[in-house]
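Student: This structure is in structure tokens; I'll ask about it shortly.
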Ligand code: HEC
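In our numbering, the protein residues as written are 271 to 400.
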């Protein structure tokens, strides 16, 4: 292959590689430390009082595969709209957010430095396997 062709090919390959690594870098998942320990500390009591009576960690482990690949905002939104089943929507948004952080912690996902925020980038966080 003439040199100028291999250079052109190398340029194309490099350009492609950087585009795909950018795409990967932008797509955060639940494994990337998307909640803080402080949110879990704040949410634990609410979670125990308003959620644990009807389902515990095993329940979330069982439903998790069906949620993989979907947005974490979606998961938050369903909980806000439907839970607790005997009084949906009774909690503040912030309490629901702390509850989602608590569920992530119980499933074994790591905490990080940036709080989970339904008005932030939660839409772009993909649910992954723990
Ligand atoms: C009075 C009982 C009760 C309480 C309290 C309750 N749930 Fe539920 N929850 C249910 C029932 C019933 C279902 C649907 C049937 C099922 O999947 O077992 C459900 C389903 C769910 C689902 C699955 C949604 C889906 O579509 O995959 C999640 C997540 C959930 N609950 C979270 C919570 C959280 C978080 C709380 C506390 C804020 C809570 N629940 C409180 C009874 C309850």
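Built from N, CA and C at the ideal position, the CB exists for glycine as well.
1. Using DSSP with H/G/I as helix, E/B as strand and the rest coil, what is residue 306?
2. With a Cβ-Cβ cutoff of 7 Å, do residue 337 and residue 345 count as a contact?
3. Check whether the Cβ of residue 354 lies closer than 6 Å to any heavy atom of the ligand HEC, and answer yes or no.
4. For residue 368, count neighbouring Cβ atoms within 10 angstroms of its own Cβ and tell me buried if that reaches 16, exposed if not.
5. Can you check DSSP and say which residues form a bridge with residue 300?
6. Per DSSP, what kind of secondary structure is residue 342 in: helix, strand or coil?
7. Going straight from the alpha carbon of residue 310 to that of residue 375, what length do you get?
8. According to DSSP, is residue 396 part of a helix, a strand, or is it coil?
9. Rounded to whole angstroms, what is the Cα-Cα separation between residue 366 and residue 297?
10. Got a sec: does the ligand HEC put a non-hydrogen atom nearer than 6 Å to the Cβ of residue 333?
11. Using 10 angstroms around the beta-carbon of residue 321, count the other beta-carbons present and answer buried if the total reaches 16, otherwise exposed.
12. Within 10 Å of its beta-carbon, does residue 343 have 16 or more other beta-carbons around it, so buried, or fewer, so exposed?
Tutor: Quick answer:
1. DSSP places residue 306 in coil when its eight states are reduced to three.
2. Cβ distance < 7 Å, so residue 337 and residue 345 count as in contact.
3. The answer is yes for residue 354.
4. Note on residue 368: 16 or more other CB atoms within 10 angstroms of its CB, so buried under the neighbour-count rule.
5. DSSP, once it has assigned bridges, lists no residue as partnering residue 300.
6. If DSSP states are grouped into helix, strand and coil, residue 342 belongs with the helices.
7. The alpha-carbon atoms of residue 310 and residue 375 are separated by roughly 7 Å.
8. Under the three-state reduction of DSSP output, residue 396 falls in the strand class.
9. Roughly 23 Å separates the two Cα atoms.
10. Yes.
11. Buried is the call here.
12. Under this definition residue 343 is a buried residue.
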